[in-house]
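S.K.: Be aware that the sequence shown starts at -1, since it is given in this note's numbering, and climbs by one per residue. Don't be surprised by glycine CBs; every beta carbon is placed ideally from N, CA and C.
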Amino acid sequence: MAGHLIVGLDVSSRARAEEIVTALGDSVSFYKIGYQCFYGADGFNLGKALIAAGKQVFFDLKLLDIDNTVEKGVVAFAETGAAMLTVHAYPKNMAAAAKGAAGSGLTVLGVTVLTSMDDQDVKDAGYERDAAGLVALRAQQAREAGIGGVVASPQEAEMVRTIVGPKLAIVTPGIRPAGAERGDQKRVMGPAEALASGASHLVVARPIVEAADPAAAARAILAEMDGKRTSFA
């Protein structure tokens, strides 16, 4: 299960990120680098260093631009050896990203609806659907675009799995182990429940990186995940 737990390095310095990686040791092999780390902690070079050290890296940057720019940007990330990269789940955007990733080992993920959003937030954004309905639409469009998977809340994982089939990745933030605070997340679920619902990878940041003992926190989450099956290799 270690390869299906992605730890979010949501920190502002490379030194702190490297402290966390060292503390986690061999218990974690997959790391997410998002905005905070990418822009504030030399995240691009950190990611390349982690890849060189045999770790898997997920660049969570939610690319969105004209088709050519997205395609070329994805090519650049694919050349690093990164495992995953997020783009906004608009059909043309995903199609351009799929073209850029073609022939590489990079799994492009379409971000459906952020786990910090609920039905009212989706309505306020101008969509005439609830959160689950918009996730379903984006999941179908992701499959049609030929990308490798989607990012969705664990609450929609079961529905998304029926749409995208057994082979695409379903990466779920909003994972909160027993006793953890929700923070700004609204659509959350525990680790075992999320895997049982169809998630292939779980993203966990604060419950691990802010823990007094990050390695113990990661081991506890892995224990909750243990024995749950996922169809994604």
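Starting from phenylalanine 56, follow its DSSP beta bridges and name the residues at the other end.
M.R.: In the sequence shown, counting from the first residue as 1, residue 56 sits at position 58. Phenylalanine 56 is bridged to Lys30 and Met82.
S.K.: Taking Cβ positions, are lysine 90 and aspartate 65 nearer each other than 8 Å?
M.R.: Counting from 1 along the sequence shown, the entry for residue 90 is found at position 92. Counting from 1 along the sequence shown, the entry for residue 65 is found at position 67. Going by C-beta atoms, lysine 90 is nearer than 8 Å to aspartate 65.
S.K.: What distance in whole Å lies between the Cβ atoms of alanine 96 and isoleucine 145, which are believed to be in contact at a cut-off of 8 Å?
M.R.: Looking up residue 145 in the sequence shown gives position 147. Looking up residue 96 in the sequence shown gives position 98. Confirmed, about 5 Å.
S.K.: Can you give me the C-alpha to C-alpha distance between proline 212 and isoleucine 18, rounded to a whole angstrom?
M.R.: Position 214 of the sequence shown holds residue 212. Position 20 of the sequence shown holds residue 18. If you take the alpha carbons of proline 212 and isoleucine 18, they lie about 7 Å apart.
S.K.: Where does alanine 129 land, buried or exposed, given buried means 16+ other C-beta within 10 angstroms?
M.R.: What you label residue 129 is simply residue 131 of the sequence shown in a count that begins at 1. Result: buried.
S.K.: Could you tell me the alpha carbon to alpha carbon distance between isoleucine 161 and valine 201, rounded to whole angstroms?
M.R.: Against the sequence shown, residue 161 aligns to sequence position 163. Against the sequence shown, residue 201 aligns to sequence position 203. Cα-Cα distance, rounded: 21 Å.
S.K.: Can you check DSSP and say which residues form a bridge with threonine 105?
M.R.: Numbered from 1 along the sequence shown, position 107 holds the residue referred to as residue 105. Bridge partners of threonine 105: Met82.
S.K.: Could you tell me which of Asp63, Ala190, Arg159 and Ala203 sits nearest to leucine 220, measuring between CA atoms?
M.R.: The residue you call residue 220 lines up with position 222 of the sequence shown. Measuring from the Cα of leucine 220, the nearest candidate turns out to be Ala190.
S.K.: Any Cβ of chain C within less than 8 Å of the Cβ of glycine 6?
M.R.: The structure shown contains no chain C, having only a single protein chain.
S.K.: Could you spell out where the beta strand (DSSP E) holding threonine 170 opens and where it closes?
M.R.: By one-based count along the sequence shown, residue 170 stands at place 172. Residues 167 to 170.
S.K.: Is it buried or exposed for aspartate 8, if we count other Cβ within 10 angstroms and need 16 for buried?
M.R.: Reading the sequence shown from its first residue, position 10 is the one you call residue 8. Answer is buried; the Cβ neighbour count reaches 16.
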